[in-house]
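The structure appears right after this line, and notes come after that.
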Amino acid sequence: MSFHLKCRSCGRTAAAPILDLGLQPLANNLLTPADLAKPEPKFPLRLAVCQSCWLLQITDLVPPVELFSEYLYFSSFSDLMLRHAREACAGYLKEFGLNAHSLVVEVASNDGYLLQNFMAAKVPCLGIEPAANIAQVAREKGIETLEEFFGQRIATDLAAKNRQADLILGNNVFAHAPDTNDFVAGLKTLLQPKGRIVLEFPYGADFIEHTEFDTIYHEHVFYFTLTALQPLFERHGLTLFRVQRLPLHGGSLRLFAGHTGAHAVEPSVPELLAEETRKGVNALGYYAGFGHQVRTIRDELVALLAKLKQDGKRIAAYGASAKGSTLLNYYGVGADTLDFVADRSPYKQGRLTPGTHIPIVPPDELTRRQPDYTLLLTWNFAEEILAQQQAYRDAGGKFIVPIPNVKVV
Ligand SMILES: [Zn+2]
């Protein structure tokens, strides 16, 4: 890899390569059978770390219009995400004293799965969601939704209309916004003087330590540690005042920020920063073994699948997710190994997985066709899916969980 990557946060040219996943299709670009007649676009997918601010980032961007015009991820299809959203909203309503005079803005509000909780509590809310088909679902629930990408432009526009927010929420969007300085500047502009920003995203330290390489895909530009985030927020006059670690998506952070001086900084922030320094997040050695571990998992998984095929076992997969696409394409596991991919979303059923072209079917195909083994591509929802598929397991079906280590359950 040649490296002249300009860091998308600090602007310096000091990146070191971490992992090269080669040419990959867009991980959310599920194909229709008719699409197979056309060439499938593929783009380089490489991960690097900035040796100045220690931000992990992918090196090659795909234009966002290619990515989001018809997005197929509906948050409401996960019971776990719905419950998580409900509990978080109840906490914010109580702690922040939100009422009929407040405004809650959610960035990448998806189908309104989160804001509907504020609407039920009669707190005014506004969603910002670039995917037209998903924004429409939110509007049908009665949630005002702007069809936009978030950034300084839309924030300035809302602030000019006296629509600054008491609470800005962003779940699993921050790491997907390539112009991260514009995104954080927009948060600053949109926030009331005493307002709060709460962002959730996969945690870069869990990502490295648990070899969650399959969460790398073109939409997912950044893998944030607190070490890398603090200078980014300070640059825009914002201060991180609380951080929580969540078990979601293989380990996430929930980050609380406000205007500098508006809220007392709680011990959780310096504590996690100190922990990261102890681990060496601000040195190249911390990232050195990642690529090797990715290849170790590949060797184990590919050998296991080959052995099962040799023994005449039938194998399927569960979860037509973005991470599934990265894993299957990088590990070279395709339709000759996996009979089908089961997925709960009717928007995905009837389509084919990107690059590997495996048919996507409803989950009840697992009990109907009873494959001997099912590769769990959405391992981040393992508990929920294993419980939903108890009948398949009772009939002798086994799941293969690939990450962080290959295991059969
Ligand atoms: Zn940097």
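Adding 49 to a residue's 1-based position in the sequence shown gives its number in my numbering.
Even glycine gets a Cβ: it sits at the ideal position worked out from N, Cα and C.
Burial state of residue i (16 or more Cβ within 10 Å)
| i | result |
| --- | --- |
| Ala181 | exposed |
| Ala149 | exposed |
| Glu261 | buried |
| Gly310 | exposed |
| His341 | exposed |
| Glu414 | buried |
| Leu333 | exposed |
| His298 | buried |
| Pro82 | exposed |
| Thr62 | exposed |
| Asn454 | exposed |
Beta-carbon proximity list for residue i, same chain, < 7 Å, skipping 5 on both sides
| i | result |
| --- | --- |
| Gln450 | The sequence as given places Val at residue 450; Gln does not occur at that position. So the list reads Leu425, Trp428, Ala431, Lys456, Val458, once near-sequence residues are dropped. |
| Met50 | Note that Met50 has pLDDT 47, beneath the 50 cutoff, so the model's placement of it is unreliable and the number below is only indicative. The residues are Pro66, Asp69, Arg95. |
| Phe290 | Phe305, Ala306, Gly307, His312, Ala313, Val314, Glu315, Val318 |
| Ser301 | Glu249, Phe250, Pro251, Tyr252, Leu295 |
N- and C-terminal bounds of the beta strand (DSSP E) containing residue i
| i | result |
| --- | --- |
| Ser301 | 301-308 |
| Arg57 | From DSSP, Arg57 is part of no beta strand (DSSP E); its letter is neither H nor E. |
| Leu106 | Note on identity: in this sequence residue 106 is Gln, with Leu being the wrong assignment. That run of the beta strand (DSSP E) goes 105-107. |
| Gln293 | 287-295 |
| Glu155 | 153-156 |
| Val98 | 91-99 |
| Val450 | 447-450 |
Residues near residue i by beta carbon distance below 6 Å, same chain, minus five either side
| i | result |
| --- | --- |
| Leu70 | Leu94, Tyr379 |
| Gly404 | Pro74, Asn378 |
| Thr108 | Leu54, Arg95, Ala97 |
| Phe223 | Leu248, Phe250 |
Member of the options whose CA lies at the smallest distance from the CA of residue i
| i | options | result |
| --- | --- | --- |
| Leu275 | Arg188, Gly253, His406, Pro296 | Gly253 |
| Ser374 | Lys362, Arg363, Val390 | Val390 |
| Gln293 | His267, Ala234, Glu320, Leu287 | Glu320 |
| Ala7 | Lys372, Leu354, Ala371 | This structure cannot speak to residue 7, because the chain is shown only from 50 to 458. |
Boundaries of the alpha helix (DSSP H) in which residue i is found, first to last residue
| i | result |
| --- | --- |
| Thr416 | 414-418 |
| Tyr422 | Counting along the chain, Tyr422 falls outside any alpha helix (DSSP H), though it belongs to the beta strand (DSSP E) covering 422-425. |
| Asp215 | Note, Asp215: premise wrong, no alpha helix (DSSP H); beta strand (DSSP E) at 214-220. |
Beta-carbon contacts of residue i that lie in its chain and below 8 Å, excluding the five residues immediately before and after
| i | result |
| --- | --- |
| Leu322 | Leu275, Thr276, Gln279 |
| Leu85 | Leu401, His406 |
| Tyr441 | Leu415, Thr416, Gln419, Thr423 |
C-beta neighbour in chain D for residue i, strict 8 Å
| i | result |
| --- | --- |
| Ala306 | Annotation note: the requested chain D is absent from the structure, which comprises a single protein chain. |
Problem set entry | Inside the stretch 349-399 only - beta strand (DSSP E) runs reaching at least 3 residues | 364-367
Problem set entry | Segments assigned alpha helix (DSSP H), at least 4 residues, entirely inside the stretch 141-191 | 164-169, 181-189
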